[in-house]
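Colleague:
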Amino acid sequence: MRTNLIQSYLTNNSAVQQYNSDKIVKDFDVNKELANRTFIKPLPSNGKLVKKNLFYAPAELFKDMRYDMKALGHSIKGEANDHELGRLNDLGMKLGGLGIATYLYARKATPLTKIMEFVGLGSFFAAMDIWPKLALQLPAYLVHGFDIRQQYEDNYGRKKPVFLDHQFIPWDLYSDEEINKIGDRLRVPKDIPNRREFIQEKMRKIALQNNTMWMLTAGFATPIMSALICNALTAPIQKHQDGQINRQAEGLLVHFNDEIAKYDISERTTAFSKLLDDNLGKPVSGELFEQIHSNLSRGLDPVVATSLRTDLENMLPPADSFNFTNETLENVRNVLKEHFSTLPLSDEELSAIIPDNDSIRKAFTDRNLIKDGVDEFSDHSKIIQGLLKDKIAAFTSANPDNPNISGLNFRFRQLLHSNAHGVDSPLAKAFKTSPAAILNENVISSLKGISETLSNFNVKVDILDRYAYLKVAQAPETILANSWNDISEDLLKFFNFTDKEIARSRIDREAAGSILRQKIENIAADDKTYGEFVDNLSRKLSALFEKTSSLDVAGDDTVNSYTKTVTTAYDTAADSLRKANMHSAANALAGFPGQSVEASAKHIQLSFVNDRISGVKSSFYRLLNTVDMYRRIAKLNDRVPNVLDDKMPRVAKEELVEMCKLLLLDGHTSDYAEKFYALRSLDINPPENLSPEQLREFYSQIEVKDGKVINRHLGQRSADELAELSNDSGFFKKAMELMYGEEIHTDTNARIKNSAFYQEFLRYRDDVLNHLGYDDCFAKPHHLAGHYVDSSSEKRFLKMGCALDEMFNKLCKQKFNNRVWLKMFGGFGAGLLGVTVLSQFFMGKMKVPESVKENK
Amino acid sequence: MILPVGKYIDKKISFNSKSEDENKLAYDKDTLLKNNFVTRTRIGMNKLTKAFTEYPAKGLVGSKNSNFYEFLTMGTVPYLIGSATLMAIFNSANKYYGAFEKNKAAVLGNKMALGVLFYGILKSVSKSLTDIPVQLATGIDTQLPYAKVNYELPEGPDDYDITSIEYHKVGESVDFTRWDQLYGDPQKGEKVNFRYDKIAKKNGLGENLNDSDQEVKPIYKEVLVKSNLARSFSSYMWAAVGVALAFQKPWEEYFRIATLKFWKPKEFGHSLKVFGRSFVDSAKELYKGPADALTHFEKHVGKYLIGAAAGITVLGVLNTLHITKKPPKHNEVLDKNKESVVS
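Chains as they are written, first to last, in numbering that gives the first Met the number 0: chain X, 0 to 855; chain L, 0 to 342.
1) Spell out whether any CB of chain L is found under 8 Å from the CB atom of Trp170/X.
2) Out of Ser690/X, Asn624/X, His712/X, Arg711/X, which one is the CA nearest neighbour of Tyr757/X?
3) Closest by CA to Asn401/X, which one among Thr216/X, Ile437/X, Leu349/X, Ile449/X?
4) Just the C-alpha distance for Ala573/X and Arg621/X, rounded to the nearest angstrom, thanks.
5) With contact counted as at least three CB pairs below 8 Å, one residue from each stretch, are the region 292-306 of chain L and the region 98-107 of chain X in contact?
6) Near Lys814/X, what residues of its chain come up, given a Cβ to Cβ distance below 7 Å and the 5 sequence neighbours on each side ignored?
7) Assign Tyr18/X to buried or exposed, taking buried as 16 or more other Cβ atoms, counted over all protein chains shown, within 10 Å of its Cβ.
8) Between Gln208/X and chain L, is there a C-beta pair that is closer than 8 Å?
9) Compare the C-beta of Val819/X with all C-beta atoms of chain L and state if any pair is closer than 8 Å.
10) Below 7 Å on C-beta distance, what does Lys113/X contact in chain L?
11) When the Cβ atoms of the region 836-853 of chain X are set against those of the region 206-223 of chain X, are three or more pairs found closer than 8 Å?
12) Does the beta carbon of Asn80/X sit closer than 8 Å to a beta carbon anywhere in chain L?
13) DSSP on Lys201/X, reduced to helix/strand/coil?
14) Is the shortest distance between the beta-carbon of Phe254/L and the beta-carbons of chain X less than 8 Å?
15) What does Ser163/L pair with, by DSSP beta-bridge criteria?
16) Check whether chain X comes within 8 Å of Asn318/L, counting only Cβ atoms and requiring the distance to be less than that.
17) Can you find a C-beta in chain X that's less than 8 Å from the C-beta of Met111/L?
18) Along the chain, which unbroken stretches of the alpha helix (DSSP H) at least 4 residues long are found entirely within the region 38-68 of chain L?
19) Please list the residues of the region 144-157 of chain L that have a C-beta atom closer than 8 Å to any C-beta atom in chain X, keeping them in chain order.
20) Excluding the 5 residues preceding and the 5 following Pro153/L in the sequence, name in chain order all residues of the same chain whose CB lies nearer than 6 Å to its CB.
21) Kindly indicate the opening and closing residues of the alpha helix (DSSP H) around Gln290/X.
22) Going by the CB atoms, is the gap between Asn80/X and Val173/L shorter than 8 Å?
23) Would you tell me roughly how many angstroms separate the C-alpha atoms of Asn769/X and Asp789/X, rounded to the nearest one?
24) Can you give me, in chain order, the residues of the region 822-838 of chain X that have a beta carbon less than 7 Å from any beta carbon in chain L?
25) Among Asn408/X, Glu176/X, Ile443/X, Thr221/X, which one has its Cα closest to the Cα of Met314/X?
26) With a threshold of 8 Å, are at least 3 pairs of Cβ atoms found where one atom belongs to the region 100-111 of chain L and the other to the region 250-258 of chain L?
27) Count the other C-beta atoms from every protein chain shown that fall within 10 angstroms of the C-beta of Ile120/L, then say buried if there are 16 or more, exposed otherwise.
28) Would you say Leu107/L reaches chain X, if we count a Cβ-Cβ gap shorter than 8 Å as a contact?
29) Going by DSSP in three states, Val679/X sits in which element: helix, strand or coil?
30) List, from N- to C-terminal side, the alpha helix (DSSP H) runs of 4 residues or more that fit wholly inside the region 168-255 of chain L.
31) Thinking C-alpha only, which one of Phe493/X, Tyr698/X, Gln594/X, Ala589/X is nearest Val302/X?
32) Count the other CB atoms within 10 Å of the CB of Ile131/L; is the residue buried (16 or more) or exposed (fewer)?
33) Between Met845/X, Glu116/X, Lys844/X, Gly828/X, which has its C-alpha nearest Leu133/X's C-alpha?
34) So who's on the other strand from Glu520/X, going by DSSP bridges?
35) Counting contacts by CB-CB distance shorter than 8 Å, is Thr566/X in contact with chain L?
36) Less than 8 Å between the C-beta atoms of Val626/X and Ala523/X, yes or no?
Structure (structure tokens):
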């Protein structure tokens, strides 16, 4: 504690000598102060203004953390002061915030949403700190020339704002020079009396007004600013996350063997080995068979597991197959003896009833029933029944008054029938004592080898599944999902959708389709715009192709090729299984050798990925194909499509082009299935007696202006004058030809021919033509005599992709929702910032005292 | 304080807080208040009203009488406005969305709003988990309020009411605890140290002490510091539990039928009933974890959060009750078995 000067004075300066602070002003002379009678005042302050800038920030941060830790220690001991407790309250708030973020992190499913919980927490605290600095401190400094949030460090090293308490502002920390400089910025006249006091009062007033503004605005500003920060950070964080996930996924295949080594399969194989070794030389009971099968088939899909059972049944005969030996006969007799021993019969009586070993053996030998691998015991049962019946009949006739006769007959029936459904009768149990299959060393060795093969295989599949999940799973934030979002987000920019168009397009697909069509027609009509659009889309598609090339490009031989790794893993396991005579399981795993693999687990592993990618790519290829067809129509002068030849009436041409334009925008597979059901004009044949000129006109080419067809006939007739021309089978084919069969426009070709996806895009067009372009495509497999139908509803669905009007309807919905929110709160935030900043110009208004007039 | 006598000599200056308009709750001097529900509510309403009206008005004009108490009291303003804004951020744009998006956004928005509400409620209520055990065990009421009469500078020549009332707590500052407020008033027949006597007795310092106040003060201060720490940490952790509770799935049932239309008793009653059911189910889900949790952490994180809040509270209270500043008992000062020399 510091010594009061008064006390020093009273005690004849002894206490002054004890005071030994090295911070005290060196030139302080107590006697001089006393002589001047100014002794009754506080000691000179050892506090100082804290200089804050970026250079000092790390040091300040470290200092604050150390202070907080000390404060925590003091508080636990009950020795903290008010300032320390205040700091700890802030620490508690951060701890609670961390608790919230951690909980919500655990509840969120995807990496981005998880990380955004902590970003949200950080942004909230950042907003709390940034808002007063941005909206008040900085403008106040620029307008008034001093820092309204200036901090000082007191004698005890506690940092506090200078203007925290307006009744106790440590003005002595500001030198006259500093105050006067601020006064100059505040335009305080230099010749007023008590200038320093006036400046101080003005500063106090400005600081107080700013503090009040802070309290009034922070409630609005902090959450809004936090939300805006999160909004702004989402895209870069997602991009970073996407890169990380991609690297993580690629790492799985690039370091495939290292990843395999991370798995410990010893526990599984050891447990299985122990099971086998414990049962060495023992018959394979039903229970043991199930344990072996269950162990081997763990992690396999049900089809492979079932095939594995078939193989195991061949290797280990079924549990209901038993060897019938002399020992079995002995056992049968013992069982019979035990069964009838519950009756009060003497040993002699019992011996008379139970057939002896010789007679049983003879009966079985005569019928050749003593053999191995018996799974059906009706003959054996009949012999025992016959022998017993004879014996009981003989006993009954010899002892007609024996009270056990009825009991004997009852026990006899009990011997043959079980007391519950599915349970063997006592006699049947007696036959099944020596299972046919024995677990010998060769079988055990073979089973151990199979176990190791399948365990390793499971590990590989697990890694491949993880890779496939990260890349293409039907889940948010996979590489494929991010690519979809990335491309579709940019599509609105490529098409230059305005806010109004977005607002209209979000209503329904019809509205979206109509706007989209206009945009595509405009783009297709203009060379420069079309070129830019194709370039932009091409760039995005190339990126998508690159990201997914390791997954779906057949024959790719790179180290991270999914196709190659899957093929190797499945084929290696299948080969090992075949060597162990597990052909059924091997075929289920990797397909029949040299034949189609479509019914195998390998195909499922590959096709899951291929289908997911195919669905996404088809949607974007459809867009490219659509703008290309619009371009071909817009540029009829460059080259007339083959289908629009001079044998087709103009009205049909107009109908065809209109329908194709619509179909590419909104068509589903069902539209193709019903061959584009459409009401058409009946005038497909020229009327009689037409002049040559009229005939030329009848077959004339359509007219196009600014990408739009100038229809001369279409839309001229009412709906009841139109009909579905089901006999015009060529119309469907021509439409398919126009959309997918004709060569792409030269401009499109020139711009994409060097792209990585070029060949795939051409294949896509061929595939659509081949899977949706003919009547045969829509027949069910095996329903069309003499034809092989390769097209399935799944393939057609995947090739069709997303209808463009629906795609843009959804995109516009998302965009609209984001913009509404952003406009609402961004606008409010901007308004609040503006008002807060402008308020500086109304602060610190004070009446300036009159200047001191010099006496002349 | 020194007033410009010349100006005010013929005016009736009020040196107490009894103005013509306000005379029911006035105090002539700093006065200790009872810590009960009525007082707390009255003080809370007074501070809340002034935080939104008088204090901002004084602050915006740069009044020379604005002080730190008013600044701190105004802290309620961003707290409440911030809560409302946070609710609005997640809900107010929903009406512009399509039906499906509106529905999906409303579920999250409602949970967020409920989270804000629960944050405030649990943060406030959970303080009792520290205060009550501490008071029961030590007899020290760390939240004991008193009314402070504050003398201000006149704002202008016509400002005759120069007093204002501030509501503080005796233990608000550990550096400047208002010990004087704890002394009894002999004029009212109270023993000077009767409050200190009670605390001394409760903490085993003995009875009929000559200077119980001197013996109790170190203990009182220690309890203030430690309970403050416990309250700060535990209340924010319970607030976090409140947010987590609001994010449980069972609340969605309540959101579907929630209504505040109390003038429709049937619907309002049903809404309350479902609220209760959702609360119980949500608490269970928070503790047991969601059924679709994939990892151990996802399954048990709710348990850990509740455990952390409860653990911090218990540790905080135990630390508070572990008083180290007790003076030695008188018979321990001198060991009678040893020879002592007093000079």
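Glycine is no exception: its CB is placed at the ideal position from the N, C-alpha and C atoms. All values reported here derive from a predicted model rather than from experimental measurement.
Modeller: To lay it out plainly:
1) One-based indexing of the first sequence puts residue 170/X at position 171. Chain L contact via Cβ: absent.
2) Position 758 of the first sequence, counted from the first residue, corresponds to residue 757/X. Comparing Cα positions, the closest option is Asn624/X.
3) Indexing the first sequence from 1 puts residue 401/X at position 402. Restricting attention to Thr216/X, Ile437/X, Leu349/X, Ile449/X, the CA atom closest to the CA of Asn401/X is found in Leu349/X.
4) The sequence position of residue 573/X within the first sequence is 574, counting from 1. The sequence position of residue 621/X within the first sequence is 622, counting from 1. Approximately 39 Å between the Cα atoms of the pair.
5) Yes, the region 292-306 of chain L is in contact with the region 98-107 of chain X.
6) Indexing the first sequence from 1 puts residue 814/X at position 815. Once the five neighbours on either side are set aside, the close Cβ partners of Lys814/X are Leu491, Ile501.
7) As a working note, residue 18/X is residue 19 in the first sequence. Summary for Tyr18/X: the model assigns pLDDT 44, below 50, so the residue's position carries little reliability; its value from the coordinates is reported in the next sentence. Exposed, since its Cβ has fewer than 16 Cβ neighbours within 10 Å.
8) Counting from 1 along the first sequence, the entry for residue 208/X is found at position 209. Closer than 8 Å to some Cβ of chain L, the Cβ of Gln208/X qualifies, so yes.
9) Translated into positions along the first sequence, residue 819/X becomes position 820. It does; some Cβ of chain L falls within 8 Å.
10) One-based indexing of the first sequence puts residue 113/X at position 114. Within chain L, no residue comes near Lys113/X; the closest Cβ sits about 11 Å away, beyond 7 Å.
11) Yes, the region 836-853 of chain X touches the region 206-223 of chain X.
12) The residue you call residue 80/X lines up with position 81 of the first sequence. Yes, because at least one Cβ of chain L sits closer than 8 Å to the Cβ of Asn80/X.
13) Here residue 201/X refers to the residue found at position 202 of the first sequence. Helix at Lys201/X.
14) To locate residue 254/L, count along the second sequence from 1; it is residue 255. For Phe254/L, the nearest beta carbon of chain X is not closer than 8 Å to its own beta carbon.
15) Indexing the second sequence from 1 puts residue 163/L at position 164. Under DSSP, Ser163/L shares a beta bridge with Asn149/L.
16) Within the second sequence, numbered from 1, the residue matching residue 318/L stands at position 319. Yes, because at least one Cβ of chain X sits closer than 8 Å to the Cβ of Asn318/L.
17) Here residue 111/L corresponds to residue number 112 of the second sequence, with the count starting at 1. So, not an interface residue.
18) With a minimum length of 4 residues, the continuous alpha helix (DSSP H) runs that stay inside the region 38-68 of chain L are 53-60.
19) Listed by position along the chain: nothing, the set is empty.
20) Residue numbering aside, residue 153/L sits at position 154 when the second sequence is read from its first letter. Hits under 6 Å: Ile161.
21) Counting from 1 along the first sequence, the entry for residue 290/X is found at position 291. 285-295 is the span of the alpha helix (DSSP H), which, as asked, contains Gln290/X.
22) Translated into positions along the second sequence, residue 173/L becomes position 174. Translated into positions along the first sequence, residue 80/X becomes position 81. The Cβ-Cβ distance between Val173/L and Asn80/X falls below 8 Å.
23) The residue labelled residue 769/X in the question sits at position 770 within the first sequence. The residue labelled residue 789/X in the question sits at position 790 within the first sequence. When rounded, the separation of the alpha-carbon atoms in Asn769/X and Asp789/X is 9 Å.
24) Those would be Met823, Phe824, in chain order.
25) In the first sequence, the residue the question calls residue 314/X occupies position 315. Per the Cα distances, Ile443/X.
26) With the cut-off at 8 Å, the region 100-111 of chain L and the region 250-258 of chain L touch.
27) The count along the second sequence starts at 1 and reaches residue 120/L at position 121. Counting the other CB atoms within 10 Å of its CB gives Ile120/L a total below 16, which places it among the exposed residues.
28) Within the second sequence, numbered from 1, the residue matching residue 107/L stands at position 108. Chain X, which has no Cβ nearer than 8 Å to the Cβ of Leu107/L, makes this no.
29) Locating residue 679/X in the first sequence gives position 680, where the first residue counts as 1. Strictly speaking, residue 679/X in this sequence is Arg, with Val absent from that position. If DSSP states are grouped into helix, strand and coil, Arg679/X belongs with the strands.
30) The region 168-255 of chain L contains these whole alpha helix (DSSP H) runs: 193-201, 211-245.
31) Taking the first residue of the first sequence as position 1, residue 302/X is located at position 303. Its Cα nearest to that of Val302/X, the residue Ala589/X stands out among Phe493/X, Tyr698/X, Gln594/X, Ala589/X.
32) The residue labelled residue 131/L in the question sits at position 132 within the second sequence. By the neighbour-count criterion, in which 16 or more other beta carbons inside 10 Å mark a residue as buried, Ile131/L falls on the exposed side.
33) Locating residue 133/X in the first sequence gives position 134, counting from the first residue. The shortest C-alpha separation from Leu133/X is found at Gly828/X.
34) Mapped onto the first sequence, residue 520/X falls at position 521. Glu520/X has no beta-bridge partner at all, per DSSP.
35) Stepping through the first sequence from its first residue, residue 566/X is reached at position 567. Residue contact with chain L for Thr566/X: absent (no Cβ-Cβ distance below 8 Å to any residue of chain L).
36) For the purposes of this step, residue 626/X is identified with residue 627 of the first sequence, where counting begins at 1. For the purposes of this step, residue 523/X is identified with residue 524 of the first sequence, where counting begins at 1. With contacts defined by Cβ atoms closer than 8 Å, Val626/X and Ala523/X form a contacting pair.
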